[in-house]
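*Asks:* The sequence shown begins at 1 in UniProt numbering and counts up by one. What follows is a single structure, and I will ask about it in a moment.
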Amino acid sequence: MSGGLDYLIGRSNNHSVDLNRNFPDLDRIMFGNEESHIEHNNHLLEQVNRLSEPIQPETRAVMRLIMSVPFVLSANLHGGDLVANYPYDTSRSGAMTEYTSSPDDQTFKHLALSYANLHKSMSSPDRKGCGYDGYNFGKQRGITNGAAWYSVQGGMQDFNYLSSNDFEITLELGCDKYPGQDVLEKEWEDNKEALVHYMWQVHIGVKGQVKDAETGKPLANAVIHVKNVTGGRDDDIQHDVTSVHDGDYWRLLTPGKYVITAYRDDYRPKSVRVTVVNQPHQEAPRVDFDLTPVVSRFVEEGNPDYDQPYDDILQDKMVTDLRKKWAYHSLGPKRRY
Numbered sequence: 001m002s003g004g005l006d007y008l009i010g011r012s013n014n015h016s017v018d019l020n021r022n023f024p025d026l027d028r029i030m031f032g033n034e035e036s037h038i039e040h041n042n043h044l045l046e047q048v049n050r051l052s053e054p055i056q057p058e059t060r061a062v063m064r065l066i067m068s069v070p071f072v073l074s075a076n077l078h079g080g081d082l083v084a085n086y087p088y089d090t091s092r093s094g095a096m097t098e099y100t101s102s103p104d105d106q107t108f109k110h111l112a113l114s115y116a117n118l119h120k121s122m123s124s125p126d127r128k129g130c131g132y133d134g135y136n137f138g139k140q141r142g143i144t145n146g147a148a149w150y151s152v153q154g155g156m157q158d159f160n161y162l163s164s165n166d167f168e169i170t171l172e173l174g175c176d177k178y179p180g181q182d183v184l185e186k187e188w189e190d191n192k193e194a195l196v197h198y199m200w201q202v203h204i205g206v207k208g209q210v211k212d213a214e215t216g217k218p219l220a221n222a223v224i225h226v227k228n229v230t231g232g233r234d235d236d237i238q239h240d241v242t243s244v245h246d247g248d249y250w251r252l253l254t255p256g257k258y259v260i261t262a263y264r265d266d267y268r269p270k271s272v273r274v275t276v277v278n279q280p281h282q283e284a285p286r287v288d289f290d291l292t293p294v295v296s297r298f299v300e301e302g303n304p305d306y307d308q309p310y311d312d313i314l315q316d317k318m319v320t321d322l323r324k325k326w327a328y329h330s331l332g333p334k335r336r337y
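Next comes the structure, spelled out in structure tokens:
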């Protein structure tokens, strides 16, 4: 990457492609599924039928990493402003600025605040703003919904959320996009507590393992669905996660009462009612599931989806369960970070 003072210098690779606009635009697929009342709400890479531009080698390498490691929580670090940005980054209507919530809006706000509140100045309403307009995101507690700030397509943040089990936010760590060596120690002091506190958030919600009730064998690719029943609510959170190769799953949630349901093809679903408290510096409570086969004790063999190399997925066109074909929109406008 080349450096410079201009916001757009240093963003692109050798092919002059902005890598944070180069990921498949899964937001449009998700919004289309919502409009068509299609229940598929996670691991949407299999619905990609056509790309707006070639996937760059650097982007492909990151996609392979996302597909091969069962990440639970992540953040990508940028410069150019001072704010914690959370999904969605792309507006539903196509508007340049429009608050666009994800099914986990409450959890993402918590994650963004967990960083902003521990940063030395990110959430301060009295600090100076960044950029030509000088807006201070501290006036809104140091956080922003991505599309409410500036709608973009093809970013890594939303790709993580919609292609895997991972929850990711974007952290803008300072007004100076290219801070000099002389201020790096101060940058570390400003951010270190927030970084550590953010990593602790991997323990919010619930976690567990899904097994075959008869054989005890771990079940990969079981779907974990959550319904929020806090205070008499009855709201399905329309973003499921799946168990990984050893049957483990992790589901980030804010405090409240929930009904957690695990299901998998050829097994009877099972639901458990839980209360999430999220005690500081404590592991998430375990909610394990033993699923009973519908007919036999046969357990499907083979690698889980996330172990399948991205190249193979792309060659298979990822349309085994495709319900609607999508043409990708052109990439959105540039953002300052």
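Beta carbons are placed, not taken as given, at the ideal position from N, Cα and C, and that holds for glycine. Given the structure is predicted, the values throughout are model-derived calculations rather than measurements.
Can you name, in chain order, every residue of its own chain whose Cβ lies under 8 Å from the Cβ of Y99, other than the five neighbours on each side?
*Replies:* N145, A147 and A148
*Asks:* Rounded to whole angstroms, what's the CA-CA distance from Y88 to R60? Just pull it up for me.
*Replies:* 22 Å
*Asks:* Return the CA-CA distance between N221 and D265, expressed in angstroms with no decimal places.
*Replies:* 9 Å
*Asks:* Using 8 Å for Cβ pairs, my map puts V210 next to L219. What's the rounded Cβ distance?
*Replies:* Confirmed, about 5 Å.
*Asks:* If we count the other Cβ atoms within 10 Å of its Cβ and call it buried at 16 or more, is Y337 buried or exposed?
*Replies:* Residue confidence for Y337 is low, a pLDDT of 39 falling below 50, so the modelled location carries little weight; the figure read from the coordinates is stated next. Buried, by the Cβ-count rule.
*Asks:* Tell me which same chain residues have a C-beta within less than 6 Å of the C-beta of V272, skipping the five on either side of it?
*Replies:* I260 and V287
*Asks:* Helix, strand or coil: which one does DSSP assign to A213?
*Replies:* Of the three classes helix, strand and coil, the one that applies to A213 here is coil, per DSSP.
*Asks:* Pick helix, strand or coil for N13, following the three-state DSSP scheme.
*Replies:* coil
*Asks:* Pull up the CB-CB distance for L253 and G205, whole angstroms please, since I reckon it's below 8 Å.
*Replies:* 4 Å
*Asks:* By the three-class DSSP mapping on this structure, what secondary structure does D18 have?
*Replies:* The answer is strand: DSSP assigns D18 an E or B state.
*Asks:* Identify whether N160 lies in helix, strand or coil by the three-state DSSP scheme.
*Replies:* helix
*Asks:* Do you know offhand how far Q140's Cα is from G80's?
*Replies:* 18 Å
*Asks:* Using 8 Å as the threshold, is the C-beta distance between H40 and N49 below it?
*Replies:* no
*Asks:* Are the beta-carbon atoms belonging to I143 and Y86 less than 8 Å from one another?
*Replies:* yes
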